[in-house]
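Colleague: My structure is below; once you've seen it, I'll send some questions.
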Amino acid sequence: MVWKPEDFSKFTYVTSVKISPSGDMVSYTLNKVNIEKNKYENSVVLESLEKRGARYFLENASLLSFSPDGKKLLFMRKNEESKEEELHVLDLATMSSKKIFTGKNILQTSWRDSRILALLTVRRREDEDLFFEKEIPVWFNEEGFKDSPKNVVKILDVESTQVLDEFEDELITSIIWLEGSLIYTKALREDPFKYMDIFRYEEGKKEKIFEKVSFYPVDSEGSSLLLLGKPQKRYHHEHDFVYLWNGKDVIPLTEKYGLNNSFGISTEVWVPSIYPSPKLKEGAVYFLSLSEGKTILERIREGNKETLVDEEFVITCFDASKDGKVIFTAVSPTSPVEVYLWNDGKVERLTSYNEKVAEIMKIVPLRHFKYESHDGLPIDAWYLRPERTPAPLIVFVHGGPKGAYGYINYFLGQLLTSNGFYVLYTNPRGSNTYS
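First residue of the sequence shown? That's 13 in my numbering, and the numbers climb one at a time after it.
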């Protein structure tokens with residue numbers, strides 16, 4: 013079968029996934045491409061792990077998170093007329109929902125408990141004819157030119173839908189609760205996203221708890237704060253590792269293993285809505301290690317590192333429950349993205365949204381091989397072979413200095429191969445997924 017550029021719209025894209033704190037329910041966002049309207053159409057799926065196959069759908073919605081008590085599901089809808097975003101909570105006991113907030117440019121949310129929610133928003137000029145930035149160069153991390161925005165953090169009571177408190181600052185990149193305090197990270201303008209300050213906010217008062225560091229908070233539990241990055245980087249492209257702050261000391265958890273714990277493999281059309289980050293559940297730390305073109309799901313518990321999933325595919329997002337289950341999405345060389353569950357040493361595929369489409373499209377296997385660099389260093393490479401040979405070869409070159417290819421079903425590669433080309437991907441020296 014000869015693939016066409018518009019065939020990417022035949023696939024279903026799972027872009028985020030969450031598991032309830034107790035591990036009895038999972039939820040994820042499905043994206044479908046509407047070529048005629050030039051847009052993605054989203055829906056949230058909620059499924060019980062105890063009653064497999066019974067799914068509840070929320071149309072025109074994107075998943076955010078379960079509440080800490082597991083009784084509510086937070087999701088977002090886009091109002092096409094007003095261009096505003098609406099936050100809703102779904103009561104999982106009654107399966108009824110209510111709107112709790114309406115506003116523009118909602119970037120992040122974080123639960124303090126099952127009633128109080130923090131929102132990270134950004135206030136821009138909203139002027140289509142004027143774009144003003146007082147700082148050069150362009151920012152990294154998909155930010156581009158910032159247009160001199162102001163961040164506004166709002167603390168919302170979900171029950172009354174009232175904003176209880178709010179404050180402003182610039183260049184806030186993340187928010188997370190640590191017990192009763194809100195922890196937020198502020199990027200420094202010099203050498204953007206290489207150095208950050210971390211603040212504690214409580215009852216109108218701000219306290220700087222870390223200055224000019226290269227890590228940022230990704231999760232918390234009790235008085236412990238989970239950090240991703242490094243205490244201080246010399247270069248942007250250095251590996252990110254996992255650390256634990258107990259309120260006094262920053263304890264390195266993954267430095268000694270040498271692999272990057274921050275996502276960095278080219279996923280092409282399978283890119284998640286939010287990149288995966290380490291999780292802290294019941295004292296155990298769950299994280300991804302990037303290794304030779306794949307992602308390894310690992311856990312550190314009571315000081316011991318365990319490998320949970322190590323297969324020839326790429327995990328694009330994941331979440332963990334208090335009882336030790338892990339829900340994740342993955343894409344392999346022969347399978348588009350689907351939802352999987354790891355539980356007690358076993359991996360189970362929960363969805364098959366793309367199974368029939370993949371059968372019809374006849375995906376060409378991605379073949380792996382190694383070759384030696386000029387100094388003998390083994391280099392990972394993958395190729396796609398067309399039906400008829402000999403054939404011309406197209407070589408893909410990833411971005412740098414931290415890009416990588418891997419065990420992915422690359423749509424563009426399949427498109428070219430079905431049209432008579434060899435396609436080659438390589439991870440030359442300096443690529444991600446290596447120590």
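Using N, Cα and C, we set each Cβ at its ideal position, and we do this for glycine too.
Would the beta-carbon of N46 fall within 8 Å of that of Y25?
Modeller: Not a contact, by the Cβ cut-off of 8 Å.
Colleague: Identify whether Y417 lies in helix, strand or coil by the three-state DSSP scheme.
Modeller: Looking at Y417 - three-state DSSP - the assignment turns out to be coil, as it is neither helix nor strand.
Colleague: Buried or exposed: which applies to H386, given that a residue is buried once 16 or more other Cβ atoms fall within 10 Å of its Cβ?
Modeller: Exposed: under 16 other Cβ atoms inside 10 Å.
Colleague: Between which two residues does the alpha helix (DSSP H) containing M373 stretch?
Modeller: Its alpha helix (DSSP H) spans residues E367 to M373.
Colleague: Could you check if L194 is buried or exposed, using at least 16 other CB atoms within 10 Å of its CB as the buried criterion?
Modeller: Per the 10 Å Cβ criterion, buried.
Colleague: Which value, in whole angstroms, describes the spacing of the CA atoms of G295 and T41?
Modeller: G295 and T41: Cα-Cα distance of roughly 28 Å.
Colleague: Quick check: L70 and F78, are their CB atoms within less than 8 Å of each other?
Modeller: No.
Colleague: Quick check on the DSSP output: the beta strand (DSSP E) that includes T27 runs from which residue to which?
Modeller: From DSSP, the beta strand (DSSP E) with T27 extends over Y25 to I31.
Colleague: Mind checking E304: buried by the 16 CB within 10 Å criterion, or exposed?
Modeller: Answer is buried; the Cβ neighbour count reaches 16.
Colleague: Would you call the segment 242-255 and the segment 390-409 touching, i.e. three or more CB-CB distances under 8 Å?
Modeller: They do not touch, by the three-pair rule.
Colleague: Whole angstroms is fine: what's the gap from M88's alpha carbon to E399's?
Modeller: Taking the straight line from one Cα to the other gives about 45 Å.
Colleague: My assumption, with CB atoms under 8 Å, is that S301 sits in contact with E314. Please give the rounded CB distance.
Modeller: Their Cβ separation, rounded to whole angstroms, is 19 Å, which puts S301 and E314 out of contact at 8 Å.
Colleague: With a 10 Å radius around its C-beta and 16 neighbouring C-beta atoms as the bar for buried, classify A130 as buried or exposed.
Modeller: Buried is the call here.
Colleague: Assign G418 to one of two classes, buried (16 or more other C-beta atoms within 10 Å of its C-beta) or exposed (fewer than that).
Modeller: So G418 ends up on the buried side.
Colleague: Among the residues of its own chain, which have a CB less than 6 Å from the CB of V281, if the five just before and after it don't count?
Modeller: These residues qualify, in order along the chain: F20 and F423.
Colleague: In this structure, how does DSSP classify D19 when only helix, strand and coil are distinguished?
Modeller: Three-state DSSP puts D19 in a helix.
Colleague: Throw me the rounded Cβ distance for the L292 and S236 pair, which I believe falls under 8 Å.
Modeller: Contact flag correct, Cβ pair sits at about 7 Å.
Colleague: Does DSSP put T319 in a helix, in a strand, or in coil?
Modeller: The answer is strand: DSSP assigns T319 an E or B state.
Colleague: Could you tell me which of Q120, E371 and E367 sits nearest to M13, measuring between CA atoms?
Modeller: Ranking Q120, E371 and E367 by Cα distance to M13 puts E371 first.
Colleague: Starting from the C-beta of A332, find all residues in its chain whose C-beta is less than 6 Å away, skip the five residues before and the five after it, and write them out in chain order.
Modeller: Result list for A332: K291, K293, Y298 and V338, in chain order.
Colleague: For G241, which beta-bridge partners are listed by DSSP?
Modeller: F227 and F253, per the DSSP bridge assignment.
Colleague: Let's see if you can read the secondary structure: which residues bound the beta strand (DSSP E) around L119?
Modeller: From DSSP, the beta strand (DSSP E) with L119 extends over I118 to W123.
Colleague: Measuring straight from C-alpha to C-alpha, what distance separates W123 and E18?
Modeller: The alpha-carbon atoms of W123 and E18 are separated by roughly 39 Å.
Colleague: Can a CB atom of chain B be found closer than 8 Å to the CB of E267?
Modeller: Here there is only one protein chain, and chain B is not present.
Colleague: For my contact list, T328 and V351 are in at a C-beta cut-off of 8 Å; report their separation, rounded to the angstrom.
Modeller: With a Cβ gap of about 11 Å, T328 and V351 do not count as contacting.
Colleague: Based on the DSSP output, what are the partners of P204 in its beta bridges?
Modeller: Partner(s): none; P204 has no beta bridge.
Colleague: T429: buried (16+ other C-beta within 10 angstroms of its C-beta) or exposed?
Modeller: That one is buried.
Colleague: Since S430 is in the alpha helix (DSSP H), which residue starts that stretch and which ends it?
Modeller: F423 to S430 is the span of the alpha helix (DSSP H), which, as asked, contains S430.
Colleague: Between E48, K22, Y52 and V56, which lies nearest to S28 when the distance is taken from Cα to Cα?
Modeller: Considering only alpha carbons, the answer is V56.
Colleague: Do you know how far the Cα of T438 is from the Cα of I406?
Modeller: When rounded, the distance between both Cα atoms is 12 Å.
Colleague: Would the beta-carbon of N366 fall within 8 Å of that of P345?
Modeller: It is not a contact, given that the beta carbons lie outside the stated cut-off.
Colleague: Go through its chain and collect everything with a Cβ distance to I391's Cβ below 8 Å, but skip five positions before and after it.
Modeller: Counting only Cβ-Cβ distances below 8 Å, and skipping sequence neighbours, we find K382, Y383, E384, S385, T438, N439, P440 and R441.
Colleague: Have a look at V376 and I184 and give me their C-alpha separation to the nearest angstrom.
Modeller: For V376 and I184, the distance between alpha carbons rounds to 43 Å.
Colleague: What are the boundary residues of the beta strand (DSSP E) that G453 is part of?
Modeller: Residue 453 falls outside the range modelled here, since the chain spans only 13 to 447, and no answer is possible.
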